[in-house]
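Top line first, the protein sequences correspond to chains R and Y. Convert by adding 4 to the 1-based position in the first sequence; the result is the number in our numbering. Convert by adding 4 to the 1-based position in the second sequence; the result is the number in our numbering. Glycine included, each C-beta is placed from N, C-alpha and C at the ideal position. As the structure is a prediction and not an experimental result, all values here were calculated from the model. Below is one structure, written out as structure tokens, with a few remarks after it.
2 protein chains.
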Amino acid sequence: MELHQLRYFVAVAQTESFSRAAELCHVSQPSLSQQIAKLEKQLGRKLFDRLSRGVALTDAGHTLLESATVILNNIEDTEKRLRDTNDLQDARLSIGAIPTIAPYLLPQHLQTYLKEFPEVELTVQEDVTQNLISAMISGEVDIALMALPLEDDRIATKELFNEPLLVALPPDHALGKRRTIKTDQLQNERFIVLGDMHCLGEQVLSFCRVNNYSSRIGCRSAQIATIQKLILSGLGISLLPQMALPAEPPEDGSTPIYRELTGQQPVRTIVAAWHRHRYLSLAARRFLEVLQGTPMPE
Amino acid sequence: MELHQLRYFVAVAQTESFSRAAELCHVSQPSLSQQIAKLEKQLGRKLFDRLSRGVALTDAGHTLLESATVILNNIEDTEKRLRDTNDLQDARLSIGAIPTIAPYLLPQHLQTYLKEFPEVELTVQEDVTQNLISAMISGEVDIALMALPLEDDRIATKELFNEPLLVALPPDHALGKRRTIKTDQLQNERFIVLGDMHCLGEQVLSFCRVNNYSSRIGCRSAQIATIQKLILSGLGISLLPQMALPAEPPEDGSTPIYRELTGQQPVRTIVAAWHRHRYLSLAARRFLEVLQGTPMPE
DNA sequence: TAAAAATACTCCATAGGTATTTTAT
DNA sequence: ATAAAATACCTATGGAGTATTTTTA
Numbered sequence: 005m006e007l008h009q010l011r012y013f014v015a016v017a018q019t020e021s022f023s024r025a026a027e028l029c030h031v032s033q034p035s036l037s038q039q040i041a042k043l044e045k046q047l048g049r050k051l052f053d054r055l056s057r058g059v060a061l062t063d064a065g066h067t068l069l070e071s072a073t074v075i076l077n078n079i080e081d082t083e084k085r086l087r088d089t090n091d092l093q094d095a096r097l098s099i100g101a102i103p104t105i106a107p108y109l110l111p112q113h114l115q116t117y118l119k120e121f122p123e124v125e126l127t128v129q130e131d132v133t134q135n136l137i138s139a140m141i142s143g144e145v146d147i148a149l150m151a152l153p154l155e156d157d158r159i160a161t162k163e164l165f166n167e168p169l170l171v172a173l174p175p176d177h178a179l180g181k182r183r184t185i186k187t188d189q190l191q192n193e194r195f196i197v198l199g200d201m202h203c204l205g206e207q208v209l210s211f212c213r214v215n216n217y218s219s220r221i222g223c224r225s226a227q228i229a230t231i232q233k234l235i236l237s238g239l240g241i242s243l244l245p246q247m248a249l250p251a252e253p254p255e256d257g258s259t260p261i262y263r264e265l266t267g268q269q270p271v272r273t274i275v276a277a278w279h280r281h282r283y284l285s286l287a288a289r290r291f292l293e294v295l296q297g298t299p300m301p302e
Numbered sequence: 005m006e007l008h009q010l011r012y013f014v015a016v017a018q019t020e021s022f023s024r025a026a027e028l029c030h031v032s033q034p035s036l037s038q039q040i041a042k043l044e045k046q047l048g049r050k051l052f053d054r055l056s057r058g059v060a061l062t063d064a065g066h067t068l069l070e071s072a073t074v075i076l077n078n079i080e081d082t083e084k085r086l087r088d089t090n091d092l093q094d095a096r097l098s099i100g101a102i103p104t105i106a107p108y109l110l111p112q113h114l115q116t117y118l119k120e121f122p123e124v125e126l127t128v129q130e131d132v133t134q135n136l137i138s139a140m141i142s143g144e145v146d147i148a149l150m151a152l153p154l155e156d157d158r159i160a161t162k163e164l165f166n167e168p169l170l171v172a173l174p175p176d177h178a179l180g181k182r183r184t185i186k187t188d189q190l191q192n193e194r195f196i197v198l199g200d201m202h203c204l205g206e207q208v209l210s211f212c213r214v215n216n217y218s219s220r221i222g223c224r225s226a227q228i229a230t231i232q233k234l235i236l237s238g239l240g241i242s243l244l245p246q247m248a249l250p251a252e253p254p255e256d257g258s259t260p261i262y263r264e265l266t267g268q269q270p271v272r273t274i275v276a277a278w279h280r281h282r283y284l285s286l287a288a289r290r291f292l293e294v295l296q297g298t299p300m301p302e
């Protein structure tokens, strides 16, 4: 049993295909096939059932997959831990953030961080919650900024702050005249909702359901900026996080206007998240400190 | 970081010597040195300080040693688990027992076990408690029969039975006339005590201390049989476990005579022991069942 | 000087590559 | 016919060996 064999094995289990596993591992398909065959021979167990369409893990395969994952993660974490130096020499840090947070929160924090730790090589991964969780589990992403709720109990979180969701209106909208808005005043509005995997979309959608709003328009954009433009062009209104509104609202018709909701104000909870059972590098721990040291500006 | 490199590394850490590690791993010293050098280079950390006399782990080395042990054990256990078949095909089982138990308890249990599972390849390792514990931790021994107390919390135990320690006397000894003996009647006797690492020796010694017996004779033998012969030749008396006395005492002067102690009768607790955090093979679990199914005959 | 680790080189086992065949839809 | 895995065979990286030098008590 060798480490590269375990890596190939895990790749096959993940892709359910020898060929795809091979390209994932950057080796030729025959090489990978041979190593799997060798592994099976040495263990005295078939690991995969070769089916007409793809391959499937046997019982022994499932057993090995569990162990192999633990072992390979342990290897990786050990290497990370040993590479970690107090002076952050050659340190790398991969930060994840969901699209509805990234452009608003990341720049300031990254700036603070890089000023203090310029030697760290930073990469930013912007993706939806689910993919960021996968990335943290596989070790590609160290820390991610996202919003609750998170399902996976392998993920540890630190709450950073609660952020209100505001009603975003076209500048000429009738409701814009009021300072605050009651939920039943939105009864006949058409809502623009972020589509697909975006947690903000889910949240707005459930807000609509709770209040029995029926008129909606989906939006597959990954950007809040797009929604803001759609609002300006009069297609509908939406709930947007406070961080998305400009620092100094121009009020000249070039941006939507934002109003608070009275009653049970919808909020989202912003958290830093990381893998509970894997090694958190020094660079990552320092980033956590930066996040906590600089709470969300009002 | 490769598995063989971790194995070499652990060997060097254990032996504190490249040369001795090399022979332990059955490779030449230069090969092993090269692999360690490579490992150090890849991790970017010196793992050993090369001292005038031998080598010593650096901080990074200590960190790696912890991880490497866990990883290698995990690899080994995974292989064991996958090799384990319900029909016990090719199953091997290594049983340990301390010398003061082995000849009396093992034969009957091994017989029962082999009758039911003849396909298992058995090996028996007889050694003192401390060495058996090491052997279980390193994975050489699966299950050991020994007596409490055990210090190491990595070892799980199952109590099998309590066994009284009896006073063993030469056949012509005055105290032999009584059915039972009180502890203060032994005040002026000379005790023969198993030496060194034997837990029975320790136990008898502490019994002597508690009762303020002063006259002792050490015995470095590994066998109770030797002590019995010494008793017969009139050198002294001793406390011996009940299992050491013959099934049908001949009472013809060829064996010591045994008498119970009244009051707080000294006993030893016999346990089966195994490594709590490593994989216990099916063959080993079956042996445990045999041990528990056949409690010590009175 | 002796014992242990490091260097220098040589060799070969085997992981990995290319070309091809087999298998199943 | 096509797509994927297995087989055959070749290549070459790198682990391991032998011989030797360096280091330090």
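Taking C-beta separations shorter than 6 Å and ignoring five residues to either side along the sequence, the partners of Val14/Y in its chain run Ala72, following chain order.
The beta carbons of Val275/Y and Leu169/Y sit about 16 Å from each other, so the pair does not count as a contact at 8 Å. Residue burial is scored here from C-beta neighbours: Pro260/R has at least 16 other C-beta atoms within 10 angstroms and is therefore classed as buried. As the crow flies, the alpha-carbon of Ser56/R is around 14 Å from that of Ser23/R. Residues are counted here when their Cβ sits less than 7 Å from a Cβ of chain Y; for the segment 54-77 of chain R these are Ala64, Thr67, Leu68, Ser71, Val74, Ile75, given in chain order.
Its Cα nearest to that of Thr266/R, the residue Leu190/R stands out among Leu190/R, Tyr117/R, Leu43/R.
Using beta-carbon distances, Leu92/Y does not count as an interface residue toward chain R, since no partner is under 8 Å. Interface annotation for the segment 78-112 of chain Y against chain R: Asn78, Ile79, Thr82, Glu83, Arg85, Leu86, Arg87, criterion Cβ-Cβ distance under 7 Å. As the crow flies, the alpha-carbon of Gln18/R is around 14 Å from that of Ile40/R.
Of all residues in the segment 179-208 of chain R, none is placed with a Cβ closer than 9 Å to any Cβ belonging to chain Y. Here Ala226/Y carries a coil assignment [DSSP, helix/strand/coil]. For Arg183/Y, the closest alpha carbon among the candidates Asp88/Y, Glu264/Y, Ser285/Y, Pro34/Y is that of Glu264/Y.
Within the segment 270-301 of chain Y, not one residue has a Cβ closer than 9 Å to any Cβ of chain R. Under the three-state reduction of DSSP output, Asp188/R falls in the helix class. If you look at Leu55/R, you'll find it isn't in any beta strand (DSSP E); DSSP assigns it neither H nor E.
Residues of chain R with a Cβ closer than 8 Å to the Cβ of Glu125/Y do not exist; the shortest Cβ-Cβ separation is about 15 Å. Inter-segment contact for the segment 197-204 of chain R and the segment 222-232 of chain R is present: three or more beta-carbon pairs are separated by less than 8 Å. Residues of the segment 129-146 of chain Y with a Cβ closer than 9 Å to any Cβ of chain R: none. For the pair Leu204/R and Thr62/R, the CB atoms are not nearer than the 8 Å cut-off.
Listed by position along chain Y, the residues whose Cβ is nearer than 8 Å to that of Glu6/R are Glu6, Leu7.
In the three-state reduction of the DSSP assignment, Gln129/R falls in the strand class, which pools E and B. Around the beta carbon of Asp131/R, 16 or more other beta carbons lie within 10 angstroms, which makes this residue buried. Arg49/Y reaches chain R at Leu86, counting residues in chain order whose Cβ is nearer than 7 Å.
Put simply, the backbone Cα of Thr133/R is about 14 Å away from that of His279/R.
Of all alpha-carbon atoms in Gln38/Y, Tyr12/Y, Glu44/Y, the one lying nearest the alpha-carbon of His30/Y is that of Tyr12/Y.
Using a C-beta cut-off of 8 Å, the segment 118-129 of chain Y makes contact with the segment 92-101 of chain Y, since at least three inter-stretch Cβ pairs fall below that distance. Setting aside the 5 residues that flank it on each side, Leu239/Y is surrounded in the same chain by Arg194, Ile196, Ile221, each with a C-beta closer than 8 Å to its C-beta; the list follows chain order.
Boundaries of the beta strand (DSSP E) harbouring Val197/Y: 195-198, taken from the DSSP string. When DSSP reads this structure, Pro168/Y sits in a beta bridge with Val271/Y.
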